[in-house]
Amino acid sequence: MGWAIYAYCFELRNHQDPVTSAYLEILEEGIGVLRRLQRRDQSFIGALGLMLGWQGYALHQLGRAEQSRESLVEGTALLRQGARQRVGTQQYELYETQLALALGLSAYALSAAGEHQAALSSAREALGIWRTRAAEQPGQHDRTVVQALDTVCYLLSLRRQFEDAWGPAEEAVAIARRIYTAEPSGDNARLLANALDRLTELLANSSRWSEALPLLEESISLYRVAGRRGTFKYSLTHATALNNAAKAYLQLGQRAQAVSRVQSAAVRCALCARRTADVATLQTVAQDIINVLGEVGLDNMARTLAKGVNRRLSGKASALSKLFGPFRSG
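First residue of the sequence shown? That's 227 in our numbering, and the numbers climb one at a time after it.
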């Protein structure tokens with residue numbers, strides 16, 4: 227029974243967009259079964275750790291920071307225990323890579339819960355594991371190294387350690403560009419776009435708008451490539467890149483281009499609002515776009531976007547009333 231639920235959730239985990247209550251209930255049931263089995267048989271420790279990780283990530287997407295943290299921390303501890311028990315065996319590499327994945331997810335959950343130093347330590351440990359795997363198996367883990375670098379860069383930026391974030395950001399772009407050049411797939415286009423986004427955030431923070439703008443436009447083009455090739459058609463990061471380009475155009479005095487880009491960002495965000503599982507990020511992205519819409523005088527479009535996002539997040543009334551208060555209709 228435990229393995230059957232685990233296998234079912236393994237197939238479901240990448241198709242929960244948005245995350246459903248049924249998926250969470252299946253995870254909860256599977257975790258309960260695996261807990262009972264693991265008390266009698268330690269071979270279930272890895273499956274239990276992974277399912278706790280999937281649960282934590284789903285809760286993180288729903289904005290339930292504390293619940294997400296609890297699941298991910300427990301899952302990470304179990305995978306670490308499993309890896310220690312298997313040092314020198316054929317299973318060690320599997321457990322270590324799953325531990326690295328759990329550490330990466332935990333970093334975001336810990337950060338959302340306000341434990342920023344623990345989050346950064348978790349992200350750096352994950353990056354160290356992926357670097358080791360990439361060195362031992364050239365070409366097999368480069369994508370994951372890019373993603374781990376991105377996580378470290380993001381957390382350093384949150385702590386306003388911008389100087390420390392430059393190195394990971396530039397390394398991530400270099401590796402992602404090499405990957406995309408070798409294989410220009412939709413997934414690799416998005417990987418490079420994400421890396422460029424992180425670098426442009428650092429440039430914007432330094433008011434280097436003229437340097438940031440070409441990279442933002444490249445990122446937007448890459449998101450279009452990813453969409454045309456069937457991956458991540460409704461990407462909040464695409465909406466964010468469009469909105470950041472609008473900010474850059476405004477800073478450079480190019481209002482018409484700014485209006486065009488923020489309109490596209492609003493449309494993209496509205497499409498994502500109906501489909502994304504990441505409702506926590508949706509709130510932040512929508513607010514940022516609404517601010518820029520207001521700055522360029524597109525108040526009607528701001529109200530329309532607010533209403534659409536409000537419908538998607540209707541279960542978060544208290545947060546929304548504060549977030550979209552200026553645009554509520556009488």
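Glycine is no exception: its CB is placed at the ideal position from the N, C-alpha and C atoms.
Note that the coordinates shown come from a computational prediction; the quantities given were computed from them, not determined experimentally.
Selection from the options that minimises the alpha carbon distance to residue i
i      : options                        : result
Val372 : Val511, Arg350, Gln316, Ala402 : Ala402
Val378 : Trp356, Leu448, Ala361         : Trp356
Leu468 : Gly456, Leu422, Gln489, Leu381 : Gln489
Leu375 : Gly330, Ala233, Ala512, Cys235 : Gly330
Arg261 : Ser297, Ala284, Thr370         : Ser297
Gly308 : Gly289, Ile271, Val299, Gly301 : Ile271
Gly301 : Ala491, Gln311, Leu327         : Leu327
Leu304 : Gln363, Glu397, Gly520, Ser269 : Ser269
Tyr283 : Asp504, Val259, Leu417, Asn470 : Asp504
Ile446 : Ala472, Arg455, Ala419, Ser433 : Ala419
Gly289 : Tyr334, Val451, Ile515         : Tyr334
Leu497 : Val451, Arg266, Gln387, Lys533 : Lys533
Ala248 : Arg310, Val451, Glu444, Leu285 : Leu285
Asn517 : Ser540, Ala491, Ala506         : Ala491
Cβ-based neighbour list, residue i, same chain, cut-off 8 Å, excluding 5 preceding and 5 following
i      : result
Trp392 : Leu428
Ile257 : Leu274, Met277, Leu278, Gln281
Glu254 : Gln281
Ser544 : Summary for Ser544: the model assigns pLDDT 37, below 50, so the residue's position carries little reliability, and this model does not support an answer.
Leu417 : Arg369, Val372, Gln373, Ala402, Ile405, Tyr406
Arg306 : Leu325
Where residue i falls, given that 16 or more other Cβ within 10 Å makes a residue buried
i      : result
Asp525 : exposed
Asn431 : exposed
Glu351 : buried
Thr463 : buried
Val522 : buried
Val313 : exposed
Gln204 : The first residue shown for the chain is 227 and the last is 556, placing residue 204 beyond what the model contains.
Gln509 : buried
Leu549 : Low confidence applies to Leu549: its pLDDT is 42, below 50, so where it sits in the model is not reliable, and the reading given next is rough at best. The residue in question, Leu549, is buried, as its Cβ has 16 or more Cβ neighbours within 10 Å.
Ser433 : exposed
Ser547 : In this prediction, Ser547 scores a pLDDT of 37, lower than 50, which makes its location untrustworthy; no coordinate-derived value is stated.
Arg538 : buried
Nonlocal neighbours in the same chain, by C-beta distance under 6 Å from residue i, ignoring five residues either side
i      : result
Leu478 : Trp435
Leu476 : Ala484
Thr426 : Ala438, Leu441, Leu442
Thr466 : Val511
Pro394 : Leu375, Val378, Cys379
His367 : Trp356, Arg359, Ala360
DSSP state of residue i mapped onto helix, strand, coil
i      : result
Leu456 : Rather than Leu, the amino acid found at residue 456 in this sequence is Gly. DSSP places Gly456 in coil when its eight states are reduced to three.
Glu254 : helix
His286 : helix
Pro552 : Low confidence applies here, because Pro552 scores a pLDDT of 42, under 50, leaving its location unreliable; read the following figure in that light. It is helical.
Arg385 : coil
Val451 : helix
Leu539 : coil
Arg494 : helix
His367 : coil
Gly275 : helix
Ser544 : Per-residue confidence for Ser544 stands at a pLDDT of 37, beneath the threshold of 50, marking its modelled position as unreliable; the derived number appears in the next sentence. Helix.
Ser445 : helix
Glu409 : coil
Val522 : coil
Gln317 : coil
Nonlocal neighbours in the same chain, by C-beta distance under 7 Å from residue i, ignoring five residues either side
i      : result
Ser337 : Ala345, Leu381, Leu384
Arg494 : His464, Ala465, Leu468
Val399 : Ala421, Leu422, Leu425
Asn414 : Ile405, Tyr406
Gly456 : Gly412
Arg295 : Ala335, Leu336, Ala339
Val299 : Ser332
8 Å Cβ cutoff, residue i in contact with chain B
i      : result
Gly456 : This model lacks chain B altogether; it includes just one protein chain.
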